[in-house]
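Have a look at the structure below before the remarks.
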Amino acid sequence: MCKVLRGARIRSIDNRDCYLGGIKLDRVDVEKDLGILVSHTLSWNKHYVSFRSCTKPLRNVDHLTLDVPLSRTDVLKNSFFVRICHLWNDLPLGVKESNTLSIFRKNLVAFYYDNFNVNFL
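In the UniProt record's numbering, the protein residues as written are 1 to 121.
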C-alpha cells in the first residue's frame, strides 16, 4: 500500500499499487521520511540548497555558507536539508575549505575532538 501525506497532514492508506518507471514497488509496513527532495526522475533537486551570494565585496563574507531555506512548518524545520545547512554553516572556514575528502575528514574530526571533547575510541 502507498502511504500519502496530504496538505492537511492526514496520513491515509491508498490501496492502489505504486509504480516507479513501470516497475511495481513492493509494499512495506514501515516508512521513514529522510527529508530528501527528489524530482519525478528521482534526481536530487539541486536548486533546493544554494550558497549565499553577495553583490558587494565584503571582508567578512564566507562564500561557503549555505542559504538556509525558510521553513514555516515543523516538518520542514526538521528536514534533512535544513539541519545539514545549519551544521555546515557552523563549521569553521578552515574545515569547509579543505581541498580533498581525506583532508576534510581529518579537519572535521579535529574540529569536533577539540571543541566537544568527543571520545572516538
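Glycine included, C-beta positions come from ideal geometry on N, C-alpha and C. The structure presented is a predicted model; accordingly, all values stated were derived computationally and were not measured.
Nearest to residue i by alpha carbon, out of the options?
| i | options | result |
| --- | --- | --- |
| Asn-115 | Pro-92, His-63 and Val-75 | Pro-92 |
| Glu-97 | Val-82, Thr-65 and Arg-83 | Thr-65 |
Tell me which same chain residues have a C-beta within less than 8 Å of the C-beta of residue i, skipping the five on either side of it?
| i | result |
| --- | --- |
| Val-95 | Phe-104, Asn-107, Leu-108 and Phe-111 |
| Ser-87 | The sequence shown places Leu at residue 87, rather than the Ser named in the question. There are no such residues. |
| Cys-85 | Val-49, Leu-66, Asp-67, Val-68 and Pro-69 |
| Val-30 | In this prediction, Val-30 has a pLDDT of 47, which is less than 50 and means its spatial position is unreliable; what the coordinates show is noted afterwards. Taken in chain order, the list of residues that qualify is empty. |
| His-47 | For His-47, the pLDDT reaches just 49, beneath the cut-off of 50, and the residue's location in the model is therefore unreliable, although a value from the coordinates is still provided. No residues qualify anywhere along the chain. |
Residues in the same chain with beta-carbon distance under 7 Å from residue i, minus the five sequence neighbours each way, listed in chain order, please.
| i | result |
| --- | --- |
| Asp-90 | none |
| Arg-9 | In this predicted model, Arg-9 has a pLDDT of only 47, less than 50, meaning its place in the structure is not dependable; the value taken from the coordinates is given anyway. Closer than 7 Å at the Cβ level, and outside the excluded window around Arg-9, lies no residue. |
| Val-82 | Val-68, Pro-69, Ser-71 and Leu-76 |
Return yes when at least one heavy atom of the ligand ADP lies under 7 Å from the C-beta of residue i, else no.
| i | result |
| --- | --- |
| Leu-108 | Ligands displayed in this structure: none; no statement on the ligand ADP is therefore possible. |
Check whether the Cβ of residue i lies closer than 8 Å to any Cβ atom in chain D.
| i | result |
| --- | --- |
| Tyr-113 | Absent here is chain D; the protein component of the structure consists of one chain. |
Which same chain residues, not among the five before or five after residue i, have their C-beta less than 6 Å away from its C-beta?
| i | result |
| --- | --- |
| Lys-32 | Residue confidence for Lys-32 is low, a pLDDT of 49 falling below 50, so the modelled location carries little weight and cannot support an answer. |
**OP:** Write down every uninterrupted run of the alpha helix (DSSP H) in the region 82-106 whose length is 4 residues or greater and which is fully enclosed by it, in chain order.
**Re:** Taken in chain order, the complete alpha helix (DSSP H) segments of 4 or more residues contained in the region 82-106 are 93-96.
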